[in-house]
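Note that my numbering has the sequence shown beginning at 656, numbered continuously upward.
Using N, Cα and C, we set each Cβ at its ideal position, and we do this for glycine too.
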Amino acid sequence: MTKHLDIDTQAMRAKILDLAIQGKLTDQREEDGNARDLLKEIQAEKEKLIKEKKIKKGKPLPEITEEEKPFEIPENWEWVRLGDIAQAVNGDRGKNYPKREEYVASGIAWINAGHITDDGYLNADKMNYITPNKYDSLRSGKIQRNDLLFCLRGSFGKVARIEPFCEGAIASSLAIIRLFNTALREYLFIYLKSPQAANELNKYANGTAQPNLAAKDVLKYLIPLPPLAEQHRIADKVSKLFAQLDAIDKAYEEYRELQQTMKAKLLDLAVQGKLTDQREEDGNARDLLKEIQAEKEKLIKEKQIKKEKPLPEITEEEKTFDIPENWMWVRLGEMILNHIGGGTPDKSNEAYWNGDIPWMSVKDVHQDSMYADRTIDSITPAGLENSSSNLIEANRLIVVMRMAVGRAVINKLPVAINQDLRALFFRDNVTQEYILRIFKILKFETSGMTVKGIKLWVLLNTPIPLPPLAEQKRIVAKLDELLPLCNVPGVYSKEK
């Protein structure tokens, strides 16, 4: 039996940060001195900046009470507020605030919350720029070396170093955290990425639908401050541990890519008849197609389905690979007996929604799923009756026509479908699971500028390699055996 280890790297990163700011990743050394002395030096630097009128003297910060302290810290550490060690600088929100039409292709960085990457840097590829003249007109919010940036709204609570930029200005969604002693920057960055900083954020954030934070409240954050030498050891330890987790993430991504390649290769081999043997007793797919055509003619005669225009013959160019002699290239429209679309009941009419009829839309059709046994939404009989939605009996192949084009599932319960889906009805001499596997590798020609979709005639004209029924079943059984072997051994999370 193959053994494997489940690793959640996101949770591990959070735990590392949590331990780091409690002094549990590093040893405490007598020669480091005491954080009280470091705080005195910082306060002296702050007073000097106030005296030189480089910063304003702010309101006194609230005293730290014993009840506020969320955990024990080493004896030579000190609890401080962010405002004791740094200032928070807002951007210029006045009449000179850059408008979108004033952005230029290159110039000086104009930074907003969307430019902050998950690993705490600024994304140069997505950066907006303003002219030097516009930059000069701004009265505040200009970054300096060793600054940190903090999101007040948008990507709420995210933090970033300013690199790779050394010059720029911030939009209203950000605040600059400017340390009185820049040597503290890496430790403060670690703290602001930690779960404890998230707790502080929740303490001061407003409770609106789109929460935001005032820069003055960020200064009230409670911070466990180690001596400077230990801060450096903490930063070094976190960096090394994160590098190991990054290596795990990279290995996982490479394995994921290999997994997808292996699955695609198996599906390719399957639909070429290379995973199964061809047997004389299976008969020929031509006989299968004749049975389907005879059934269709019967249904047309009984007026249960409408007669459609004949589909063009498949050209040699459309036959993208060789297939066994007893197989046949057919168009999807030739294989199905019927196809039905759907619709959406009026969303503003409460009487149409939250009923007993499962209502399927694109969000219920997942790329890695073969079957759908539930839907997110449901409708009432009145919703079904007063819309173009149709009720599809269980065990039909349902295909996505818009957005996630070409995804398909087999519904395990009766469902109503919306206008982005199409239900395909096959005769029992076609194994739907075989067709579903083919949909996993089909590439469709889509149209539409904003929402991609496939036209019905494109779907119906799709060439399909059709084996005899018995071999269809052997192919499905073989894939059911082999595809699970490609799955990644372990559950990883690469979010940071």
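Measuring CB to CB, does residue i end up less than 8 Å from residue j?
i: A925; j: L1124; result: no
i: L880; j: L680; result: no
i: I831; j: A890; result: no
i: I763; j: A826; result: no
i: I1096; j: L913; result: no
i: G809; j: A768; result: yes
i: I705; j: P753; result: no
i: S1033; j: G997; result: no
i: A902; j: P1122; result: no
i: I955; j: K945; result: no
i: D1000; j: G1038; result: Checking the sequence, you will find Pro at residue 1000 rather than Asp. Yes.
i: S849; j: D673; result: yes
i: L930; j: I1130; result: yes
i: I798; j: E818; result: no
i: L987; j: L1114; result: yes
i: L1052; j: F1081; result: yes
i: A741; j: F820; result: no
i: Q915; j: I676; result: no
i: T1035; j: A1006; result: yes
i: Q933; j: N1004; result: no
i: D1075; j: S1016; result: yes
i: L1173; j: K918; result: Outside the modelled stretch of the chain, which goes from 656 to 1151, sits residue 1173, for which no answer is possible.
i: K1153; j: P1118; result: With the chain running from 656 to 1151 in the structure shown, residue 1153 is simply not present.
Mapping DSSP to helix, strand and coil, what is residue i?
i: N1116; result: coil
i: D663; result: coil
i: L672; result: helix
i: R1057; result: strand
i: G678; result: coil
i: I845; result: helix
i: Y1026; result: strand
i: K1098; result: coil
i: G688; result: coil
i: I1109; result: coil
i: G823; result: strand
i: P793; result: Before going further, note that residue 793 is Leu rather than Pro in the sequence given. Coil at L793, not helix or strand.
i: N1004; result: coil
i: I878; result: strand
i: N1041; result: coil
i: N836; result: coil
i: L1134; result: helix
i: K695; result: helix
i: C1141; result: helix
i: N867; result: coil
For residue i, which residues in the same chain have their Cβ closer than 8 Å to its Cβ, ignoring the five residues on either side in sequence?
i: R736; result: L716, P717, I719, L874, K875, Y876, L877 and I878
i: K1149; result: Any reading at K1149 must be qualified, since the residue scores a pLDDT of 46, below 50, and its modelled position is unreliable; no value is offered.
i: I771; result: L777, N778, L804, C806, S810, K813, V814 and A815
i: D977; result: Q927
i: E989; result: L944, I947, Q948 and L966
i: V893; result: I671, L672, A675, L680 and I845
i: S1024; result: V1064
i: W984; result: I969, E973, K974, I978, P1118, I1119, P1120 and L1121
Using the DSSP secondary-structure output, state which residues sit across from residue i in a beta bridge.
i: D1032; result: W1014
i: L1052; result: I1065 and L1079
i: L777; result: I771
i: F805; result: V814 and A830
i: A1071; result: W1014 and L1046
i: N993; result: F1080
i: A852; result: Beta-bridge pairing links A852 to no other residue.
i: L1121; result: M983
Give every residue of the same chain whose Cβ lies closer than 6 Å to the Cβ of residue i, excluding the five residues on either side of it in the sequence, and list them in chain order.
i: E1048; result: P1069
i: E1040; result: none
i: R748; result: S827
i: P979; result: G928 and Q933
i: E1088; result: V1131
By Cβ distance below 7 Å, which residues in the same chain neighbour residue i in space, the five residues on each side in sequence not counted?
i: Q683; result: P729, N731 and E885
i: L900; result: T664, M667 and R668
i: R1062; result: V1020, Q1022 and V1055
i: V744; result: S795, G796, A830, I831 and R833
i: L793; result: D747, N751 and A824
i: Y859; result: L868, D872 and K875
i: K712; result: I705
i: Y790; result: I763 and A824
i: E1126; result: T931, Q933 and D937
i: A838; result: L883
For residue i and chain D, any beta-carbon pair shorter than 8 Å?
i: D682; result: Going by chain labels, chain D is absent from the structure shown, which holds only one protein chain.
Which runs of the alpha helix (DSSP H) spanning at least 4 residues fall entirely within the segment 903–985, listed in chain order?
Residue ranges of uninterrupted alpha helix (DSSP H) with 4 or more members, entirely inside the segment 903–985 and ordered along the chain, are 940–956.
Which ranges does the alpha helix (DSSP H) cover as unbroken runs of at least 4 residues, wholly within the segment 702–790, from first to last along the chain?
Segments of the alpha helix (DSSP H) lying fully in the segment 702–790: 737–740.
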